[in-house]
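Using the working numbering, you'd call the opening residue of the sequence shown number 1061 and step up by one each time. All C-beta atoms in this analysis are idealised placements derived from N, C-alpha and C, irrespective of residue type, glycine included. What follows is one structure encoded as structure tokens, with my remarks underneath.
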Amino acid sequence: MPYLSIRGARLYYEDTGGSGEPVLFSHGLLWDSRLFHRQVEALRGHYRCIVYDHRGQGMSEPPPGDSVIDLRTVYEDAVAVIQALGLAPCHFVGQSMGGFVGLRLAARHPELLRSLALLDSSAAAELPLTLARYRVLTTLTHWLGLRPVVDRIMSLYFGRTFMRDPERAAERALLRRQLVANPRAVWRAMQGVIHRRSVEGELHRIQTPTLVLVGEEDAVTVPAVAERLHQRIRGARLKRLSCGGHMCILEQPQAVNVALGDFLEEVERTSLQEEAMAASG
1061 MPYLSIRGAR
1071 LYYEDTGGSG
1081 EPVLFSHGLL
1091 WDSRLFHRQV
1101 EALRGHYRCI
1111 VYDHRGQGMS
1121 EPPPGDSVID
1131 LRTVYEDAVA
1141 VIQALGLAPC
1151 HFVGQSMGGF
1161 VGLRLAARHP
1171 ELLRSLALLD
1181 SSAAAELPLT
1191 LARYRVLTTL
1201 THWLGLRPVV
1211 DRIMSLYFGR
1221 TFMRDPERAA
1231 ERALLRRQLV
1241 ANPRAVWRAM
1251 QGVIHRRSVE
1261 GELHRIQTPT
1271 LVLVGEEDAV
1281 TVPAVAERLH
1291 QRIRGARLKR
1301 LSCGGHMCIL
1311 EQPQAVNVAL
1321 GDFLEEVERT
1331 SLQEEAMAAS
1341 G
């Protein structure tokens, strides 16, 4: 299995290879690179698709000790992954926590990105009320694992349409098992995410073509949060998906694939037009 040695941790990754423009996928908290398997299957015919697991999640190793894995560390890991695999400039797709990473990349290292897709994500710090609730979930996970809190997490992550659909009961059961399978040590990443700093003051620096996508039933990063991103990132596109919660990538995968594919095609087309104009001028 392929690993990258990045600053004291071994990060698991998968790379489809190919000659297409690279697309790097960055998953959300409590998930791993498998989150994007439907997007990779949809895009791999035209793009080189790379997925990786954040340190301390999936098959990536946590650093030794019991320290919090803060978002700055995770963001710096992403910089190192892009550089180690020679991906720059790449398309970057971030879901939730992965979007937190993508925003920092676009604001601080624009030379690394060709485009940015933010799926159910935010630039803000956690609000005091939600922070208090997430601290309880994190503490319980630290001592008991995710099993005692998995039902609460499922209700936060998934929209009511998905959660009430009797035809998707088996899918819900599988996703629940995946969440419970997280080791107790995942609390270190949870702590880092819930105590992240706001980067709203950096949004004006983002020049990278950006797609903001949100589910209408997202209870974690509500549509109003996506609207603010859309308004504050110059030239950003906004796509709102009906009947999708925070995990619209799992709830509405085909709609996500269409939105993402259309966006990437538009970015590539615009880039070719700009190159042609520069060559002719």
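Would you mind stating whether L1273 and V1316 have Cβ atoms separated by less than 9 Å?
By 1-based counting over the sequence shown, the position of residue 1273 is 213. By 1-based counting over the sequence shown, the position of residue 1316 is 256. Contact: yes.
Taking a contact to mean a Cβ-Cβ separation below 9 Å, would you say R1228 touches M1214 in this structure?
Indexing the sequence shown from 1 puts residue 1228 at position 168. Indexing the sequence shown from 1 puts residue 1214 at position 154. No.
Count the other C-beta atoms from every protein chain shown that fall within 10 angstroms of the C-beta of W1203, then say buried if there are 16 or more, exposed otherwise.
Translated into positions along the sequence shown, residue 1203 becomes position 143. W1203 should be labelled exposed.
Nearest-angstrom Cα separation, counted from G1125 out to I1356:
The structure shown does not extend to residue 1356, since the chain is modelled only from 1061 to 1341, so the question has no answer here.
Evaluate M1307 with the Cβ neighbour count: other Cβ atoms within 10 Å of its Cβ, from every protein chain shown; 16 or more gives buried, anything less gives exposed.
Mapped onto the sequence shown, residue 1307 falls at position 247. By the 10 Å Cβ count, M1307 comes out buried.
According to DSSP, S1065 sits in a beta bridge with which residue or residues?
Residue mapping note: residue 1065 aligns to position 5 of the sequence shown, counting from 1. R1070.
Have a look at H1114 and S1340 and give me their C-alpha separation to the nearest angstrom.
Taking the first residue of the sequence shown as 1, we reach residue 1114 at position 54. Taking the first residue of the sequence shown as 1, we reach residue 1340 at position 280. If you take the alpha carbons of H1114 and S1340, they lie about 43 Å apart.
Specify the secondary structure class of S1258 as computed by DSSP and reduced to three states.
Here residue 1258 is taken as the residue at index 198 of the sequence shown, counted from 1. Coil, per DSSP.
Near V1246, which residues of its chain fall below 7 Å by C-beta distance, leaving aside the five closest residues on each side in sequence?
One-based indexing of the sequence shown puts residue 1246 at position 186. Hits under 7 Å: L1090, G1116, Q1117 and T1201.
Report the option in G1159, L1145, G1146 and P1208 whose CA atom is closest to the CA atom of A1184.
The sequence position of residue 1184 within the sequence shown is 124, counting from 1. Of the listed residues, the one whose Cα sits closest to A1184 is G1159.
Which partner residues of V1128 appear in the DSSP bridge assignment?
Residue mapping note: residue 1128 aligns to position 68 of the sequence shown, counting from 1. DSSP lists no partner for V1128.
Just curious, the alpha helix (DSSP H) that F1152 is in, first and last residue?
Position 92 of the sequence shown holds residue 1152. No alpha helix (DSSP H) contains F1152, which is instead part of the beta strand (DSSP E) from C1150 to Q1155.
Pop quiz: V1083 and Y1112 are said to be a contact at Cβ under 8 Å. What is the actual Cβ separation, rounded to whole angstroms?
Within the sequence shown, numbered from 1, the residue matching residue 1083 stands at position 23. Within the sequence shown, numbered from 1, the residue matching residue 1112 stands at position 52. That pair is no contact at about 12 Å.
Buried or exposed by the 16-neighbour rule on C-beta atoms within 10 Å, applied to L1172:
Looking up residue 1172 in the sequence shown gives position 112. With 16 or more other Cβ atoms within 10 Å, it is buried.
Please check the pair A1069 and S1120, which I expect to be a contact at CB under 8 Å, by giving their CB distance rounded to whole angstroms.
For the purposes of this step, residue 1069 is taken as the residue at position 9 of the sequence shown. For the purposes of this step, residue 1120 is taken as the residue at position 60 of the sequence shown. Rounded, the Cβ-Cβ distance is 7 Å, consistent with contact.
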